[in-house]
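Enquirer:
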Amino acid sequence: SGNPRLRWQATWGMSDQTSHFKLESKGLEMKAELVQAPIPQYYFLEISSNCNLKCPFCATGNGEIPTSSRGNISEKDFDLIFEKISPYAEVIDLFNWGEPFMHKNIYGIINKISSRGIKAQISSNLSVRLFSNDELEALVSSGLYSLLASIDGVTQEAYEAYRKNGSVFKALTNLENIQKTKMRLNSVTPHLIWAFYVNKHNEHEVELAKIKAAEIGIDIWFKDLSCPDDFQTKLLKERPELFSDTDSIKKL
Numbered sequence: 001s002g003n004p005r006l007r008w009q010a011t012w013g014m015s016d017q018t019s020h021f022k023l024e025s026k027g028l029e030m031k032a033e034l035v036q037a038p039i040p041q042y043y044f045l046e047i048s049s050n051c052n053l054k055c056p057f058c059a060t061g062n063g064e065i066p067t068s069s070r071g072n073i074s075e076k077d078f079d080l081i082f083e084k085i086s087p088y089a090e091v092i093d094l095f096n097w098g099e100p101f102m103h104k105n106i107y108g109i110i111n112k113i114s115s116r117g118i119k120a121q122i123s124s125n126l127s128v129r130l131f132s133n134d135e136l137e138a139l140v141s142s143g144l145y146s147l148l149a150s151i152d153g154v155t156q157e158a159y160e161a162y163r164k165n166g167s168v169f170k171a172l173t174n175l176e177n178i179q180k181t182k183m184r185l186n187s188v189t190p191h192l193i194w195a196f197y198v199n200k201h202n203e204h205e206v207e208l209a210k211i212k213a214a215e216i217g218i219d220i221w222f223k224d225l226s227c228p229d230d231f232q233t234k235l236l237k238e239r240p241e242l243f244s245d246t247d248s249i250k251k252l
């Protein structure tokens, strides 16, 4: 593209609640003045850039992000980052382009965050594995604040049109069992929301999904999928109100 490769170097200002950023360039003589900005309270900290799915319009699923560039954050690196941001953080999202449940120490990480009074949030396909009773209890007891479950269908045929390599049975079973475990342990958290990304292959299951969500006892959020026109749903034009944010989402 011809643009210089830029690197942001951040130094945390502990005394005045500001962060100082220096913009540098490689290969070109270019300098930027030190600037001051408020230290953020909301962070994305991706603990795993691996994923079990092959979603065609996702940079991880379609291979745009090379396998060689993926992995799980080490305990050392997590602790280093967390100690710097924890004095300021109110919310930490433990995801971006990967599947957080592929990190073997996910509950240890969540415990560290929640023990500081910080909200830990996860977005997951819930299809990595079927959670055992022990894991369900560990999840609910970890202090996780919210979990957004991306499950785009009720039947395998509709679901796997986009969620390649995924199992709708695993995803829905895990979602239902998390809710049951919450009730059994009398736990308010994690707040559960079913995210249903609508496309032309699953749009006919919208009403079925509403019924299933009501049976489980959770809210469902219908979302538009960023995809080519030939994969897009007609409901964006026919039923735009379907894609409004739920009350639960607004509260998070």
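Quick note on numbering: my numbering labels position 126 of the sequence shown as 126, and the sequence is numbered without any gaps. Even for Gly, the Cβ is constructed at its ideal location relative to N, Cα and C. Here the structure is a predicted model, which means the values were calculated and not measured.
Going by the beta-carbon positions, is the gap between I178 and V140 smaller than 8 Å?
Expert: yes
Enquirer: Cβ of I73 within 7 Å of any heavy atom in the ligand COA?
Expert: You won't find the ligand COA in this model; it holds no ligand whatsoever.
Enquirer: Check N111 in the structure and name its three-state DSSP category.
Expert: Looking at N111 - three-state DSSP - the assignment turns out to be helix.
Enquirer: Taking all protein chains shown into account, do 16 or more other C-beta atoms lie within 10 angstroms of the C-beta of R256, making it buried, or fewer, making it exposed?
Expert: Outside the displayed range of the chain (1 to 252) lies residue 256, so it cannot be described from this structure.
Enquirer: Which value, in whole angstroms, describes the spacing of the CA atoms of Y197 and C55?
Expert: 12 Å
Enquirer: By the 10 Å Cβ neighbour count, where 16 or more other Cβ atoms means buried, how is L148 classified, buried or exposed?
Expert: buried
Enquirer: How should F222 be labelled, buried or exposed, when 16 other C-beta atoms within 10 angstroms of its C-beta is the threshold for buried?
Expert: buried
Enquirer: Exposed or buried, which one is V188 when buried takes at least 16 other CB atoms within 10 Å?
Expert: exposed
Enquirer: Classify Y145 as buried or exposed, calling it buried when 16 or more other Cβ atoms lie within 10 Å of its own Cβ.
Expert: buried
Enquirer: So, with DSSP's three-state summary, where would you put Y162?
Expert: coil
Enquirer: Based on the DSSP output, what are the partners of D93 in its beta bridges?
Expert: F44 and Q121
Enquirer: Tell me where the alpha helix (DSSP H) around A214 begins and ends.
Expert: Per DSSP, A214 is one residue of the alpha helix (DSSP H) stretching across V206 to I216.
Enquirer: Do you know whose CA, among E83, E46 and L53, lies nearest I73's CA?
Expert: E46
Enquirer: Applying the 10 Å Cβ sphere with the 16-neighbour rule, what's the burial state of L80?
Expert: exposed
Enquirer: Buried or exposed, going by whether 16 or more other CB atoms sit within 10 Å of the CB of G257?
Expert: In the structure as shown, the chain begins at 1 and stops at 252. Residue 257 is therefore absent and cannot be evaluated.
Enquirer: Are S86 and I118 touching if we call contact CB-CB under 8 Å?
Expert: For the pair S86 and I118, the CB atoms are nearer than the 8 Å cut-off.
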